[in-house]
Amino acid sequence: MEEPTPHLDLASEQQIIRVDTDRGICCHVAGKVKFDGKGNLYLITGDDTNAGGSDGYVPINESPTQGPGYDAQRSSANTNDLRGKVLRIKVKPNGTYTVPNGNLFPETQDYDSKTRPEIFLMGLRNPFRFDVDASGLVYVGDYSPDSRVPSPTRGPEGTGRWFATKTAGNYGWPYCYSPSLPYIDFDFVTRTSGQPFNCGAPVNNSPRNTGRTVLPAVQQPQFWYTYNALTTCPGGYLSNPPTTCDFKWPVIGTGGVGPHGGPIYKYDAELDSQTKLPEYYNNAVFFGEFTRDKMFVMQTDGKGNLTGVEQFLPGFVFDNLMEMEIGPEGNIYFLEYGDGFFRANPDAQLAMIRYVKGTRAPVAKLAATPRPARPRLPWRSAARAPTTRTRASPSRTPGTSPATARWTPPIRTRRSHTRPTASSTRS
1 MEEPTPHLDL ASEQQIIRVD TDRGICCHVA GKVKFDGKGN LYLITGDDTN AGGSDGYVPI
61 NESPTQGPGY DAQRSSANTN DLRGKVLRIK VKPNGTYTVP NGNLFPETQD YDSKTRPEIF
121 LMGLRNPFRF DVDASGLVYV GDYSPDSRVP SPTRGPEGTG RWFATKTAGN YGWPYCYSPS
181 LPYIDFDFVT RTSGQPFNCG APVNNSPRNT GRTVLPAVQQ PQFWYTYNAL TTCPGGYLSN
241 PPTTCDFKWP VIGTGGVGPH GGPIYKYDAE LDSQTKLPEY YNNAVFFGEF TRDKMFVMQT
301 DGKGNLTGVE QFLPGFVFDN LMEMEIGPEG NIYFLEYGDG FFRANPDAQL AMIRYVKGTR
361 APVAKLAATP RPARPRLPWR SAARAPTTRT RASPSRTPGT SPATARWTPP IRTRRSHTRP
421 TASSTRS
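Numbered according to the UniProt record's numbering, the sequence shown terminates at residue 427, and the numbering increases by one at each position without gaps.
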(Lines of atoms letter the chains of each structure in order from A and count residues from 1; the text may use other names and numbers.)
(Lines give C-alpha, C1' and ligand atoms only; values in the text may rest on other atoms or scores of the structure.)
Protein backbone atom coordinates (compact mmCIF):
# COMPACT_ATOMS: atom_id res chain seq x y z
CA MET A 1 0.00 0.00 0.00
CA GLU A 2 1.26 3.49 -0.89
CA GLU A 3 -0.81 5.79 1.32
CA PRO A 4 -0.16 7.44 3.67
CA THR A 5 3.16 5.62 4.07
CA PRO A 6 4.26 2.72 1.86
CA HIS A 7 3.80 -0.51 3.81
CA LEU A 8 2.62 -4.09 3.62
CA ASP A 9 -0.97 -4.75 4.66
CA LEU A 10 -0.45 -8.08 6.43
CA ALA A 11 -4.19 -8.54 6.88
CA SER A 12 -4.58 -8.81 3.09
CA GLU A 13 -2.43 -11.96 2.84
CA GLN A 14 -3.84 -14.75 0.66
CA GLN A 15 -2.23 -18.17 0.31
CA ILE A 16 -2.25 -18.86 -3.40
CA ILE A 17 -0.26 -22.06 -3.74
CA ARG A 18 1.60 -24.33 -1.33
CA VAL A 19 4.85 -26.13 -2.12
CA ASP A 20 5.66 -28.73 0.52
CA THR A 21 9.33 -29.14 1.48
CA ASP A 22 11.48 -31.36 3.68
CA ARG A 23 12.72 -29.17 6.51
CA GLY A 24 15.87 -29.52 8.54
CA ILE A 25 18.23 -30.00 5.60
CA CYS A 26 19.92 -27.67 3.15
CA CYS A 27 19.39 -26.58 0.20
CA HIS A 28 17.95 -25.59 -3.19
CA VAL A 29 14.62 -23.88 -2.66
CA ALA A 30 14.74 -21.14 -5.37
CA GLY A 31 11.46 -19.21 -5.01
CA LYS A 32 11.43 -16.28 -7.45
CA VAL A 33 8.08 -15.05 -8.83
CA LYS A 34 7.42 -13.27 -12.15
CA PHE A 35 4.41 -12.41 -14.35
CA ASP A 36 4.02 -12.46 -18.13
CA GLY A 37 1.99 -10.08 -20.28
CA LYS A 38 -1.19 -12.14 -19.85
CA GLY A 39 -1.00 -12.02 -16.07
CA ASN A 40 0.18 -15.60 -15.66
CA LEU A 41 2.24 -16.13 -12.52
CA TYR A 42 5.49 -18.09 -12.75
CA LEU A 43 7.02 -19.58 -9.61
CA ILE A 44 10.40 -21.31 -9.77
CA THR A 45 11.33 -23.98 -7.22
CA GLY A 46 14.48 -25.97 -6.41
CA ASP A 47 14.87 -29.71 -5.89
CA ASP A 48 14.98 -29.36 -2.07
CA THR A 49 17.85 -31.86 -2.03
CA ASN A 50 21.18 -31.79 -0.23
CA ALA A 51 24.27 -31.37 -2.40
CA GLY A 52 26.41 -33.57 -0.17
CA GLY A 53 26.57 -37.32 0.08
CA SER A 54 26.65 -38.02 -3.65
CA ASP A 55 30.35 -37.43 -4.45
CA GLY A 56 29.52 -34.37 -6.56
CA TYR A 57 27.27 -36.30 -8.94
CA VAL A 58 23.52 -36.99 -8.81
CA PRO A 59 21.71 -37.43 -5.47
CA ILE A 60 19.57 -40.51 -6.15
CA ASN A 61 20.04 -42.30 -2.85
CA GLU A 62 17.08 -44.67 -2.49
CA SER A 63 18.32 -46.33 0.70
CA PRO A 64 15.51 -46.70 3.28
CA THR A 65 17.95 -45.69 6.01
CA GLN A 66 18.78 -42.41 4.33
CA GLY A 67 16.57 -39.34 4.68
CA PRO A 68 14.46 -38.24 1.71
CA GLY A 69 16.54 -35.09 1.28
CA TYR A 70 19.22 -37.06 -0.57
CA ASP A 71 16.99 -38.29 -3.40
CA ALA A 72 16.08 -35.72 -6.07
CA GLN A 73 13.89 -38.31 -7.80
CA ARG A 74 11.19 -37.55 -5.21
CA SER A 75 11.07 -33.90 -6.30
CA SER A 76 12.56 -32.77 -9.64
CA ALA A 77 11.81 -36.04 -11.43
CA ASN A 78 8.39 -36.45 -9.80
CA THR A 79 5.46 -35.49 -12.03
CA ASN A 80 3.26 -35.27 -8.93
CA ASP A 81 5.50 -32.87 -6.97
CA LEU A 82 5.98 -29.10 -7.32
CA ARG A 83 9.70 -28.99 -6.48
CA GLY A 84 12.47 -28.65 -9.07
CA LYS A 85 10.01 -26.97 -11.41
CA VAL A 86 8.78 -23.81 -13.09
CA LEU A 87 5.11 -23.51 -12.16
CA ARG A 88 2.66 -21.47 -14.24
CA ILE A 89 -0.79 -20.48 -13.00
CA LYS A 90 -3.37 -17.69 -13.46
CA VAL A 91 -4.30 -16.11 -10.13
CA LYS A 92 -7.89 -14.95 -9.58
CA PRO A 93 -8.86 -11.94 -7.43
CA ASN A 94 -10.05 -14.18 -4.59
CA GLY A 95 -6.63 -15.90 -4.31
CA THR A 96 -7.55 -19.11 -6.09
CA TYR A 97 -6.06 -19.94 -9.47
CA THR A 98 -6.64 -21.65 -12.77
CA VAL A 99 -4.08 -23.36 -15.01
CA PRO A 100 -3.44 -21.86 -18.47
CA ASN A 101 -3.29 -24.03 -21.57
CA GLY A 102 0.11 -25.33 -22.62
CA ASN A 103 1.49 -26.65 -19.34
CA LEU A 104 3.30 -29.99 -19.29
CA PHE A 105 0.52 -32.10 -17.80
CA PRO A 106 -2.98 -30.85 -18.70
CA GLU A 107 -5.70 -31.72 -16.20
CA THR A 108 -7.70 -33.43 -18.92
CA GLN A 109 -4.86 -35.91 -19.41
CA ASP A 110 -4.33 -36.72 -15.73
CA TYR A 111 -5.78 -40.20 -16.13
CA ASP A 112 -3.87 -41.68 -13.20
CA SER A 113 -3.86 -38.77 -10.69
CA LYS A 114 -0.07 -38.76 -10.85
CA THR A 115 0.61 -35.34 -12.37
CA ARG A 116 0.27 -31.72 -11.28
CA PRO A 117 -1.23 -29.38 -13.87
CA GLU A 118 0.69 -26.38 -12.48
CA ILE A 119 3.98 -27.76 -13.86
CA PHE A 120 5.32 -25.87 -16.87
CA LEU A 121 8.97 -27.05 -16.71
CA MET A 122 10.38 -29.96 -14.70
CA GLY A 123 13.74 -31.64 -14.18
CA LEU A 124 15.49 -28.62 -12.63
CA ARG A 125 18.07 -28.70 -9.84
CA ASN A 126 18.44 -25.17 -8.47
CA PRO A 127 17.03 -22.66 -10.97
CA PHE A 128 17.89 -19.82 -8.65
CA ARG A 129 17.09 -16.91 -10.95
CA PHE A 130 14.96 -16.52 -14.08
CA ASP A 131 12.92 -14.05 -16.09
CA VAL A 132 9.89 -14.14 -18.36
CA ASP A 133 8.95 -11.60 -21.00
CA ALA A 134 5.50 -10.29 -21.92
CA SER A 135 4.99 -13.05 -24.50
CA GLY A 136 5.63 -15.83 -21.98
CA LEU A 137 9.18 -16.65 -23.11
CA VAL A 138 10.99 -17.98 -20.03
CA TYR A 139 14.76 -17.56 -19.45
CA VAL A 140 16.24 -19.90 -16.82
CA GLY A 141 19.70 -20.41 -15.29
CA ASP A 142 20.18 -23.73 -13.48
CA TYR A 143 23.00 -24.75 -11.13
CA SER A 144 25.03 -27.93 -11.55
CA PRO A 145 26.28 -30.55 -9.09
CA ASP A 146 29.79 -30.11 -7.76
CA SER A 147 32.04 -32.66 -9.47
CA ARG A 148 35.04 -31.05 -11.19
CA VAL A 149 35.77 -34.08 -13.38
CA PRO A 150 33.68 -36.49 -15.46
CA SER A 151 33.43 -40.14 -14.49
CA PRO A 152 32.70 -43.12 -16.73
CA THR A 153 30.87 -44.73 -13.80
CA ARG A 154 28.93 -41.69 -12.48
CA GLY A 155 28.44 -39.12 -15.22
CA PRO A 156 29.58 -35.73 -16.54
CA GLU A 157 31.36 -33.05 -14.55
CA GLY A 158 29.27 -30.26 -13.04
CA THR A 159 27.60 -28.40 -15.90
CA GLY A 160 25.77 -25.11 -15.45
CA ARG A 161 23.12 -24.33 -18.03
CA TRP A 162 20.90 -21.58 -19.35
CA PHE A 163 17.96 -21.88 -21.69
CA ALA A 164 15.03 -19.97 -23.10
CA THR A 165 11.71 -21.60 -23.92
CA LYS A 166 8.06 -20.92 -24.54
CA THR A 167 7.19 -24.60 -24.58
CA ALA A 168 6.59 -26.87 -21.60
CA GLY A 169 9.18 -29.59 -21.14
CA ASN A 170 11.42 -31.78 -19.00
CA TYR A 171 15.03 -30.67 -18.49
CA GLY A 172 16.21 -33.97 -17.10
CA TRP A 173 17.55 -33.59 -13.56
CA PRO A 174 18.64 -35.87 -11.91
CA TYR A 175 18.89 -38.27 -14.87
CA CYS A 176 20.34 -36.08 -17.64
CA TYR A 177 21.56 -32.50 -17.99
CA SER A 178 20.90 -32.49 -21.73
CA PRO A 179 19.83 -35.17 -24.23
CA SER A 180 23.52 -36.08 -24.70
CA LEU A 181 24.68 -35.75 -21.06
CA PRO A 182 23.15 -38.68 -19.16
CA TYR A 183 24.13 -39.51 -15.63
CA ILE A 184 24.67 -43.14 -14.59
CA ASP A 185 22.49 -45.09 -12.22
CA PHE A 186 24.22 -45.76 -8.89
CA ASP A 187 23.42 -47.93 -5.87
CA PHE A 188 24.48 -46.01 -2.76
CA VAL A 189 24.30 -49.13 -0.57
CA THR A 190 26.50 -51.44 -2.66
CA ARG A 191 28.48 -48.54 -4.22
CA THR A 192 28.05 -50.03 -7.70
CA SER A 193 27.16 -48.33 -10.96
CA GLY A 194 24.49 -49.35 -13.40
CA GLN A 195 23.71 -48.08 -16.90
CA PRO A 196 23.43 -44.51 -18.21
CA PHE A 197 19.91 -43.15 -17.95
CA ASN A 198 17.78 -42.98 -21.08
CA CYS A 199 17.40 -39.27 -21.84
CA GLY A 200 14.74 -39.99 -24.47
CA ALA A 201 12.39 -41.50 -21.87
CA PRO A 202 13.81 -41.36 -18.32
CA VAL A 203 12.40 -43.90 -15.87
CA ASN A 204 11.79 -42.93 -12.24
CA ASN A 205 11.83 -46.11 -10.16
CA SER A 206 12.53 -44.41 -6.85
CA PRO A 207 10.38 -45.76 -3.97
CA ARG A 208 9.79 -42.10 -3.05
CA ASN A 209 8.28 -41.28 -6.45
CA THR A 210 4.56 -40.51 -6.26
CA GLY A 211 4.24 -39.62 -9.94
CA ARG A 212 4.55 -41.37 -13.25
CA THR A 213 7.35 -43.80 -13.89
CA VAL A 214 8.16 -42.91 -17.50
CA LEU A 215 8.97 -39.22 -17.97
CA PRO A 216 8.95 -36.89 -20.99
CA ALA A 217 12.09 -36.69 -23.15
CA VAL A 218 14.87 -34.39 -21.93
CA GLN A 219 15.12 -31.00 -23.66
CA GLN A 220 18.29 -29.29 -24.90
CA PRO A 221 19.58 -26.12 -23.15
CA GLN A 222 20.98 -23.38 -25.38
CA PHE A 223 24.03 -22.66 -23.23
CA TRP A 224 26.11 -24.82 -20.90
CA TYR A 225 29.56 -24.66 -19.32
CA THR A 226 31.73 -26.47 -16.80
CA TYR A 227 34.47 -25.67 -14.30
CA ASN A 228 37.14 -26.24 -16.93
CA ALA A 229 38.27 -24.73 -20.22
CA LEU A 230 37.44 -27.98 -21.99
CA THR A 231 34.02 -29.55 -21.76
CA THR A 232 33.09 -33.20 -22.03
CA CYS A 233 32.08 -34.29 -25.50
CA PRO A 234 28.53 -35.64 -25.70
CA GLY A 235 28.86 -39.10 -24.19
CA GLY A 236 32.66 -38.73 -24.12
CA TYR A 237 32.90 -39.40 -20.40
CA LEU A 238 31.47 -42.88 -20.94
CA SER A 239 34.82 -43.89 -22.42
CA ASN A 240 37.92 -44.39 -20.31
CA PRO A 241 39.77 -42.07 -20.37
CA PRO A 242 37.04 -39.49 -21.10
CA THR A 243 37.32 -37.46 -24.31
CA THR A 244 37.00 -33.68 -24.25
CA CYS A 245 35.94 -31.09 -26.78
CA ASP A 246 36.85 -27.43 -27.27
CA PHE A 247 34.66 -25.17 -25.23
CA LYS A 248 31.86 -23.68 -27.32
CA TRP A 249 31.81 -20.39 -25.37
CA PRO A 250 35.38 -19.58 -24.24
CA VAL A 251 34.30 -16.10 -23.09
CA ILE A 252 32.83 -17.67 -19.95
CA GLY A 253 36.32 -18.71 -18.81
CA THR A 254 36.99 -21.12 -15.96
CA GLY A 255 36.12 -21.24 -12.29
CA GLY A 256 33.05 -22.14 -10.27
CA VAL A 257 29.60 -22.80 -11.68
CA GLY A 258 26.90 -20.43 -10.38
CA PRO A 259 24.53 -19.44 -13.22
CA HIS A 260 21.97 -16.77 -12.37
CA GLY A 261 19.45 -16.17 -15.14
CA GLY A 262 18.87 -12.42 -15.28
CA PRO A 263 16.43 -10.02 -16.93
CA ILE A 264 15.75 -9.56 -20.62
CA TYR A 265 16.09 -6.03 -22.00
CA LYS A 266 13.56 -4.61 -24.44
CA TYR A 267 14.74 -1.38 -26.04
CA ASP A 268 12.08 1.36 -26.17
CA ALA A 269 12.92 4.12 -28.64
CA GLU A 270 10.15 6.32 -27.23
CA LEU A 271 11.31 6.07 -23.62
CA ASP A 272 12.52 9.49 -22.49
CA SER A 273 15.63 8.44 -20.58
CA GLN A 274 19.19 9.63 -21.06
CA THR A 275 20.58 6.59 -19.23
CA LYS A 276 18.65 3.70 -20.81
CA LEU A 277 20.69 0.94 -22.37
CA PRO A 278 21.26 1.43 -26.10
CA GLU A 279 19.47 -0.47 -28.85
CA TYR A 280 22.48 -2.79 -29.16
CA TYR A 281 21.18 -4.67 -26.11
CA ASN A 282 17.64 -5.14 -27.42
CA ASN A 283 16.49 -8.71 -26.63
CA ALA A 284 19.67 -9.33 -24.62
CA VAL A 285 19.38 -11.38 -21.45
CA PHE A 286 21.73 -10.44 -18.62
CA PHE A 287 23.37 -13.42 -16.94
CA GLY A 288 25.17 -13.34 -13.61
CA GLU A 289 27.98 -15.75 -12.71
CA PHE A 290 27.82 -15.80 -8.93
CA THR A 291 31.06 -17.69 -8.35
CA ARG A 292 33.17 -15.82 -10.94
CA ASP A 293 32.08 -12.26 -10.06
CA LYS A 294 31.12 -11.52 -13.66
CA MET A 295 28.11 -10.49 -15.68
CA PHE A 296 27.47 -11.73 -19.20
CA VAL A 297 25.06 -10.87 -21.99
CA MET A 298 23.14 -13.58 -23.80
CA GLN A 299 22.33 -12.10 -27.19
CA THR A 300 19.03 -13.47 -28.48
CA ASP A 301 16.67 -12.85 -31.38
CA GLY A 302 13.76 -12.28 -29.02
CA LYS A 303 12.29 -15.68 -29.93
CA GLY A 304 14.39 -17.81 -27.63
CA ASN A 305 17.31 -18.42 -29.99
CA LEU A 306 20.79 -17.70 -28.64
CA THR A 307 22.92 -15.75 -31.13
CA GLY A 308 25.99 -14.88 -29.04
CA VAL A 309 27.54 -14.55 -25.58
CA GLU A 310 29.77 -11.71 -24.39
CA GLN A 311 31.03 -10.38 -21.09
CA PHE A 312 29.38 -7.22 -19.81
CA LEU A 313 31.76 -4.56 -18.44
CA PRO A 314 34.97 -6.62 -18.72
CA GLY A 315 37.36 -5.81 -15.91
CA PHE A 316 34.61 -4.83 -13.48
CA VAL A 317 34.41 -7.17 -10.48
CA PHE A 318 30.86 -7.93 -9.35
CA ASP A 319 30.96 -9.18 -5.77
CA ASN A 320 28.93 -12.42 -6.00
CA LEU A 321 25.99 -11.32 -8.12
CA MET A 322 22.77 -12.37 -6.41
CA GLU A 323 20.00 -10.68 -8.42
CA MET A 324 19.54 -8.33 -11.37
CA GLU A 325 16.62 -6.28 -12.65
CA ILE A 326 16.18 -3.57 -15.28
CA GLY A 327 14.33 -0.50 -14.03
CA PRO A 328 11.66 1.45 -15.93
CA GLU A 329 14.28 4.05 -16.95
CA GLY A 330 16.49 1.40 -18.55
CA ASN A 331 19.11 1.16 -15.78
CA ILE A 332 20.43 -2.13 -14.38
CA TYR A 333 19.94 -2.72 -10.66
CA PHE A 334 21.85 -5.56 -9.04
CA LEU A 335 22.35 -7.11 -5.64
CA GLU A 336 25.78 -8.28 -4.53
CA TYR A 337 25.88 -11.02 -1.90
CA GLY A 338 29.43 -10.22 -0.82
CA ASP A 339 32.10 -12.66 0.31
CA GLY A 340 31.17 -15.35 2.80
CA PHE A 341 28.15 -17.63 3.08
CA PHE A 342 25.15 -17.63 5.44
CA ARG A 343 26.03 -14.39 7.16
CA ALA A 344 25.47 -10.63 6.91
CA ASN A 345 28.37 -9.60 4.68
CA PRO A 346 29.60 -6.02 5.10
CA ASP A 347 30.28 -5.81 1.34
CA ALA A 348 26.75 -6.84 0.36
CA GLN A 349 24.94 -4.01 -1.41
CA LEU A 350 22.33 -2.84 -3.90
CA ALA A 351 23.97 -1.02 -6.81
CA MET A 352 22.98 0.47 -10.16
CA ILE A 353 24.51 0.74 -13.63
CA ARG A 354 23.52 3.69 -15.82
CA TYR A 355 24.44 4.01 -19.46
CA VAL A 356 26.24 7.23 -20.43
CA LYS A 357 26.55 7.99 -24.12
CA GLY A 358 29.90 9.38 -25.23
CA THR A 359 32.51 10.77 -22.83
CA ARG A 360 31.52 10.94 -19.19
CA ALA A 361 31.76 14.31 -17.50
CA PRO A 362 34.73 14.79 -15.16
CA VAL A 363 34.17 14.99 -11.42
CA ALA A 364 35.68 18.30 -10.34
CA LYS A 365 36.96 18.58 -6.77
CA LEU A 366 39.16 21.17 -5.17
CA ALA A 367 41.40 20.88 -2.14
CA ALA A 368 42.36 24.06 -0.31
CA THR A 369 45.22 24.71 2.09
CA PRO A 370 44.99 28.04 3.95
CA ARG A 371 48.19 29.97 4.69
CA PRO A 372 47.97 32.44 7.59
CA ALA A 373 49.08 36.04 7.42
CA ARG A 374 52.68 36.86 8.33
CA PRO A 375 53.36 40.17 10.04
CA ARG A 376 56.32 42.35 9.10
CA LEU A 377 59.19 41.81 11.51
CA PRO A 378 62.62 43.45 11.63
CA TRP A 379 64.28 40.55 9.84
CA ARG A 380 61.56 40.33 7.18
CA SER A 381 61.37 42.67 4.25
CA ALA A 382 57.57 42.65 4.06
CA ALA A 383 54.42 41.30 5.59
CA ARG A 384 52.38 38.58 3.88
CA ALA A 385 48.63 38.64 3.53
CA PRO A 386 46.63 35.46 4.25
CA THR A 387 46.34 33.23 1.19
CA THR A 388 44.74 29.93 0.22
CA ARG A 389 46.45 27.41 -2.03
CA THR A 390 44.02 25.36 -4.09
CA ARG A 391 44.67 22.27 -6.15
CA ALA A 392 42.46 20.14 -8.39
CA SER A 393 44.34 16.88 -7.96
CA PRO A 394 41.37 15.20 -6.17
CA SER A 395 39.39 15.58 -9.40
CA ARG A 396 39.01 12.53 -11.60
CA THR A 397 37.83 11.55 -15.02
CA PRO A 398 35.67 8.39 -15.10
CA GLY A 399 36.91 5.87 -17.63
CA THR A 400 40.29 5.87 -19.30
CA SER A 401 40.19 8.91 -21.58
CA PRO A 402 42.47 11.76 -20.43
CA ALA A 403 40.92 15.17 -19.90
CA THR A 404 42.07 18.66 -18.97
CA ALA A 405 39.99 20.94 -16.77
CA ARG A 406 40.49 24.66 -15.99
CA TRP A 407 39.10 26.42 -12.96
CA THR A 408 38.52 30.15 -13.09
CA PRO A 409 37.61 31.49 -9.64
CA PRO A 410 35.63 34.66 -9.17
CA ILE A 411 37.96 37.47 -8.07
CA ARG A 412 36.87 40.09 -5.61
CA THR A 413 39.04 42.86 -4.21
CA ARG A 414 38.68 44.81 -1.04
CA ARG A 415 40.55 47.88 0.08
CA SER A 416 41.86 46.22 3.20
CA HIS A 417 43.26 43.14 1.40
CA THR A 418 45.60 42.46 -1.39
CA ARG A 419 44.24 40.78 -4.50
CA PRO A 420 43.90 37.00 -3.87
CA THR A 421 45.58 34.60 -6.24
CA ALA A 422 44.78 30.99 -7.18
CA SER A 423 46.74 28.17 -8.65
CA SER A 424 45.24 25.09 -10.29
CA THR A 425 46.51 21.65 -11.14
CA ARG A 426 45.45 19.83 -14.27
CA SER A 427 43.74 16.47 -13.86
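Every residue, glycine too, gets a C-beta built ideally from N, C-alpha and C.
Computed from a prediction, not measured in an experiment: that's the story for all the values here.
* Taking the C-alpha atoms as reference points, what is the distance between residue 89 and residue 116? -> 11 Å
* By Cβ distance below 8 Å, which residues in the same chain neighbour residue 158 in space, the five residues on each side in sequence not counted? -> 56, 144, 145, 146, 147, 148, 226, 227, 257
* Asked: Buried or exposed: residue 189, going by 16 or more other Cβ atoms within 10 Å of its Cβ?
  -> exposed
* **Reference residue 298, options 290, 309, 288, 304, closest by Cα** => 309
* Measure the alpha-carbon distance for residue 52 versus residue 171 and round it to whole angstroms. => 22 Å
* Asked: From 47, 162, 16, 174, pick the residue whose C-alpha is nearest to that of residue 222; which is it?
  -> 162
* Could I get the ranges of all uninterrupted beta strand (DSSP E) runs contained in the region 266-326, with 3 residues as the minimum, in chain order? => 285-289, 294-300, 306-312, 321-326
* Just mark residue 245 as buried or exposed, buried being the case when its beta carbon has 16 or more other beta carbons within 10 Å. => exposed
* **Residue from 353, 290, 283 with nearest C-alpha to residue 138** => 283
* Using 10 angstroms around the beta-carbon of residue 108, count the other beta-carbons present and answer buried if the total reaches 16, otherwise exposed. => exposed
* To do: Check residue 424 in the structure and name its three-state DSSP category.
  => Bear in mind that the predicted position of residue 424 carries a pLDDT of just 44, short of 50, making it unreliable; the figure below should be weighed with that in mind. Coil.
* Quick one: is residue 215 near chain C, going by C-beta distance under 7 Å? -> Among the chains of the structure shown, chain C does not appear; only one protein chain is present.
* To do: Compare the C-alpha of residue 197 against each of 207, 186, 266 and name the closest.
  => 186
* To do: Identify whether residue 329 lies in helix, strand or coil by the three-state DSSP scheme.
  => coil
* To do: State yes or no: is the C-beta of residue 251 within less than 7 Å of the C-beta of residue 311?
  => yes
* Starting from residue 40 and walking both ways along the beta strand (DSSP E), at which residues does that stretch end? -> 40-45
* **As assigned by DSSP and simplified to three states, the class of residue 206** => coil
* Taking three-plus beta-carbon pairs below 8 Å as touching, is the region 61-69 in contact with the region 81-95? -> no
* To do: Identify every residue that forms a DSSP beta bridge with residue 336.
  => 321, 349
* Which residues mark the beginning and the end of the beta strand (DSSP E) in which residue 120 is found? -> 119-122
* To do: Can you grab the Cα-Cα spacing for the pair residue 105 / residue 119, in whole Å?
  => 7 Å
* Asked: Which runs of the beta strand (DSSP E) spanning at least 3 residues fall entirely within the region 48-109, listed in chain order?
  -> 86-91
* Asked: Is residue 91 closer than 7 Å to residue 16 when the C-beta atoms are compared?
  -> yes
* Asked: Would residue 352 be called buried (16 or more neighbouring beta carbons within 10 Å of its own) or exposed?
  -> exposed
* Asked: Around the C-beta of residue 346, are 16 or more other C-beta atoms found within 10 angstroms, so that it is buried, or is it exposed?
  -> exposed
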